[in-house]
Amino acid sequence: MIKFFRKIRQNLLSEGKTGKYIKYAIGEIVLVMIGILLALQVNNWNEGQKRLKQETILLGQLKEEIINNYDDLISDLTVLKQAEISHFKIIDWIEQDLPYNDSLCFDFYWLKIDEYMYPITAVYDKIREEGLDIIRNDTIRVLTQSLYESLFPRLRQAGSFYPDISEYLGPYYLDNFRVNTDYNLKFSYITKKDSIGGIIFNEEVSHYPGSFNLNGIERKYTVGFVPLDYAMLKKDPKFRMQLNEIEEFRDHKISRYSTAKRVMKWIADLIEIE
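Throughout, my numbering is defined as the position within the sequence shown, counted from one, plus 36.
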């Protein structure tokens, strides 16, 4: 094709048709430019299609990652809410001067429990490498960035504003409690049925005492802390102060978890209909 165009130009020059040669040369340049523009347009279209396909894949993977993190989150949130229930039972026991009940050992156990989330971020990290603008839906993009860069960091231990409750109460417990060893005392709590993005998490019941098999031998375990002096504990201003403090710690954390839960469900639902 190039030889063909060159031959035409040479013939025009040899025949002395300079005007026609110039017009032809200009036309040839225009034709080449049109060809380049068309090639660029096709290339841009191909790149756009690749990016759309990549977006679809990443959104699907993001949904799966959020669902996996959601499973972890609802487990933690169940524990935090159970701890909150036990917290108020202990306050009632003190304020109403109720008699000690052996089952309170479980409430003293939950009172000391704290939870942190360690979210999986591999897919989000990949999205950041590709550029967040690969997610065309503004709402999904903004919510996802907020979840991973604002909410999740605050659910990690390193990003928590308040101290760890277990560490906060630990020294006091060492001096004023003993470990429960009564395997006849029973306790159970429920992780309620939940769902996200079309995935259902069935209700689960956890029981204490429990057991596990180690080298063919069944081992039992239980939890709980028993006060060394019930009467003293009720009147101890230090313990009451700690109760007030950890109520604030836990309320703050439950609020953070609940916000993250709503955002995760929102993102998963948006991806589902995208």
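The beta-carbon is built from N, C-alpha and C at its ideal position, and this holds for glycine as well. The structure presented is a predicted model; accordingly, all values stated were derived computationally and were not measured.
Query raised in the report: What distance in whole Å lies between the Cβ atoms of Met153 and Arg177, which are believed to be in contact at a cut-off of 8 Å?
Result: Their Cβ separation, rounded to whole angstroms, is 22 Å, which puts Arg177 and Met153 out of contact at 8 Å.
Query - Inside the segment 204 to 289 only - beta strand (DSSP E) runs reaching at least 3 residues - result: 213 to 215, 223 to 227, 230 to 232, 235 to 237, 240 to 244, 246 to 250, 253 to 257 and 261 to 263
Query raised in the report: Under the rule that 16 or more other beta-carbon atoms within 10 Å means buried, what is Val159, buried or exposed?
Result: buried
Query raised in the report: Looking at the unbroken alpha helix (DSSP H) that takes in Arg164, where does it start and where does it end?
Result: Ala158 to Glu166
Requested in this report: Measure the Cβ-Cβ separation of Asp200 and Asp133 and say whether it is below 8 Å.
Outcome: no
Query raised in the report: In whole angstroms, what is the alpha-carbon distance linking Glu308 and Arg172?
Result: 15 Å
Query - Span separating the alpha-carbon of Asp169 from that of Ser294 - result: 27 Å
Report task. Tell me whether Ala304 is buried or exposed, calling it buried when 16 or more other Cβ atoms sit within 10 Å of its Cβ. Result -> buried
Report task. Ignore the nearest five residues each way along the sequence and tell me which others in Thr175's own chain have a CB closer than 8 Å to its CB. Result -> Leu306
Query raised in the report: Pick from Pro263, Tyr244 and Lys117: whose alpha carbon is nearest that of Phe144?
Result: Pro263
Query raised in the report: From what residue to what residue does the alpha helix (DSSP H) around Gln181 run?
Result: Asp174 to Ser182
Requested in this report: Count the CB pairs spanning the segment 119 to 139 and the segment 276 to 283 that are closer than 8 Å, and state whether there are at least three.
Outcome: yes
Query raised in the report: Roughly how many angstroms lie between the CA atoms of Lys301 and Pro135, to the nearest whole one?
Result: 43 Å
Query - Presumed contact (8 Å Cβ cut-off) between Leu98 and Thr157, rounded CB distance - result: About 10 Å separates the two Cβ atoms, so there is no contact after all.
Query raised in the report: For Ile110 versus Gly233, is the C-beta distance shorter than 8 Å?
Result: no
Query raised in the report: How many angstroms separate the CA atom of Leu147 from the CA atom of Glu254?
Result: 29 Å
Requested in this report: Tell me whether Arg190 sits in a helix, a strand or coil according to DSSP, three-state version.
Outcome: helix
Requested in this report: Report the rounded CA-to-CA distance for Glu283 versus Leu210, giving the unit in angstroms.
Outcome: 20 Å
Query raised in the report: Hey, out of Asp272, Glu239, Arg214 and Val299, whose CA is closest to Asp138's CA?
Result: Arg214
Query raised in the report: Can you tell me where the alpha helix (DSSP H) with Asp143 in it begins and where it stops?
Result: Leu140 to Lys148
Query raised in the report: Below 8 Å between beta carbons: does that hold for Thr258 and Tyr198?
Result: no
Report task. Determine the DSSP secondary structure at Asn137, reduced to helix, strand or coil. Result -> coil
Query raised in the report: Taking DSSP as the reference, what is the three-state secondary structure of Glu100?
Result: helix
**Report entry** Residue of Glu131, Gly246, Arg190 and Glu239 minimising C-alpha distance to Lys270
**Finding:** Glu131
Requested in this report: Pick out whichever of Ala267, Asp107 and Glu310 has its Cα sitting closest to the Cα of Asn212.
Outcome: Ala267
Report task. Would you check if the distance between the CB atom of Arg286 and the CB atom of Glu120 is smaller than 8 Å? Result -> yes
Query raised in the report: Among Glu239, Phe142 and Leu205, which has the Cα closest to the Cα of Leu221?
Result: Phe142
**Report entry** Close Cβ partners of Leu205 (< 8 Å) along its chain, the five nearest in sequence each way excluded
**Finding:** Leu147, Lys148, Gln278 and Ile282
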